[in-house]
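A short write-up of the structure that comes next.
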Amino acid sequence: MDLTEAERTELKSLVRKGKVAAHKRLHADILLKADISDLGDKWPDKQISDVFGISIRTVARVRERLVTGGLEVALNRTKSCRTKRCVIEGENEAHLIALTCSDAPEGHSRWTLRLLGQYMVDLGYVESVSHETIRQTLKKMN
1264 MDLTEAERTE LKSLVRKGKV AAHKRLHADI LLKADISDLG DKWPDKQISD VFGISIRTVA
1324 RVRERLVTGG LEVALNRTKS CRTKRCVIEG ENEAHLIALT CSDAPEGHSR WTLRLLGQYM
1384 VDLGYVESVS HETIRQTLKK MN
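The numbers in the working numbering rise by one with no breaks, and the one at position 32 of the sequence shown is 1295.
This is the structure:
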């Protein structure tokens, strides 16, 4: 991976800056050390990983992101693409509220989050649900 003079200058100024995110400074250092141009340090991945205390895969990933996405992509973290699936929504929320407003089952003085979750599963509204999901849903409704 060859860095242009402009990229090298930007990376060096980023490393020298007083206040910059740690991951950004680390990625800039990795790119400077991995530069194989005439002005680069030409360090192998193993040496870079040993010096900075990171995995070889991290070094390879930063280099790959520079080649595929450019300097800004290589310096910044990628956004997580995980999507959160709602277990209780719509009609099931209504069932949960109705269950919460009803009398507690025999042997219990009041509804608990775990008890509500257990009843939601027993009644077949959901396959499984945690007490935390029940809490968040009820808090949202409040």
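For every residue, glycine included, the Cβ atom is placed at its ideal position computed from N, Cα and C.
Here the structure is a predicted model, which is why all the values come from computation and not from measurement.
- Query: Which stretch, first to last residue, makes up the alpha helix (DSSP H) that contains His1286?
  - Reply: Taking the sequence shown and counting its residues from 1, the one referred to as residue 1286 is at position 23. For His1286, the enclosing alpha helix (DSSP H) begins and ends at 1285 to 1297.
- Item | Close Cβ partners of Ser1312 (< 8 Å) along its chain, the five nearest in sequence each way excluded | For the purposes of this step, residue 1312 is identified with residue 49 of the sequence shown, where counting begins at 1. Cβ within range, chain order: Ser1318, Ile1319, Thr1321, Val1322.
- Query: Quick one: is Asp1366 buried, meaning 16 or more other Cβ sit within 10 Å of its Cβ, or exposed?
  - Reply: Mapped onto the sequence shown, residue 1366 falls at position 103. Classified as exposed, Asp1366 has fewer than 16 neighbouring CB atoms from the shown chains inside 10 Å of its CB.
- Determine the direct distance from the alpha carbon of Thr1396 to that of Thr1346, and round the result to whole angstroms. Indexing the sequence shown from 1 puts residue 1346 at position 83. Indexing the sequence shown from 1 puts residue 1396 at position 133. One C-alpha to the other measures close to 16 Å.
- Is the region 1277 to 1292 touching the region 1355 to 1365 in the sense that three or more CB pairs, one from each, lie closer than 8 Å? Taking a cut-off of 8 Å for Cβ pairs, the region 1355 to 1365 and the region 1277 to 1292 do not touch, as fewer than three such pairs fall below it.
- Rounded C-alpha distance that separates Trp1374 from Leu1334: Counting from one through the sequence shown, the residue named residue 1374 turns up at place 111. Counting from one through the sequence shown, the residue named residue 1334 turns up at place 71. Cα-Cα distance, rounded: 55 Å.
- Message: Residues in the same chain with beta-carbon distance under 6 Å from Lys1305, minus the five sequence neighbours each way, listed in chain order, please.
- Response: Position 42 of the sequence shown, counted from the start, is the residue given in the question as residue 1305. Counting only Cβ-Cβ distances below 6 Å, and skipping sequence neighbours, we find Ile1299.
- Start-to-end residues for the alpha helix (DSSP H) that takes in Cys1344: Counting from one through the sequence shown, the residue named residue 1344 turns up at place 81. Cys1344 -> no alpha helix (DSSP H), and no H or E assigned at all.
- Task: Can you grab the Cα-Cα spacing for the pair Arg1328 / Val1336, in whole Å?
- Result: Position 65 of the sequence shown, counted from the start, is the residue given in the question as residue 1328. Position 73 of the sequence shown, counted from the start, is the residue given in the question as residue 1336. Roughly 6 Å between the two C-alpha positions.
- Task: State the Cα-Cα distance for the pair Asp1308 and Gly1332, rounded to the nearest angstrom.
- Result: Taking the sequence shown and counting its residues from 1, the one referred to as residue 1308 is at position 45. Taking the sequence shown and counting its residues from 1, the one referred to as residue 1332 is at position 69. C-alpha separation (whole angstroms): 20 Å.
- Task: Would you kindly check if the distance between the Cβ of Ala1361 and the Cβ of Leu1326 is under 8 Å?
- Result: Counting from one through the sequence shown, the residue named residue 1326 turns up at place 63. Counting from one through the sequence shown, the residue named residue 1361 turns up at place 98. Residue 1326 is actually Arg in this sequence, not Leu. Their beta carbons are not under 8 Å apart, which means Arg1326 does not touch Ala1361 by this criterion.
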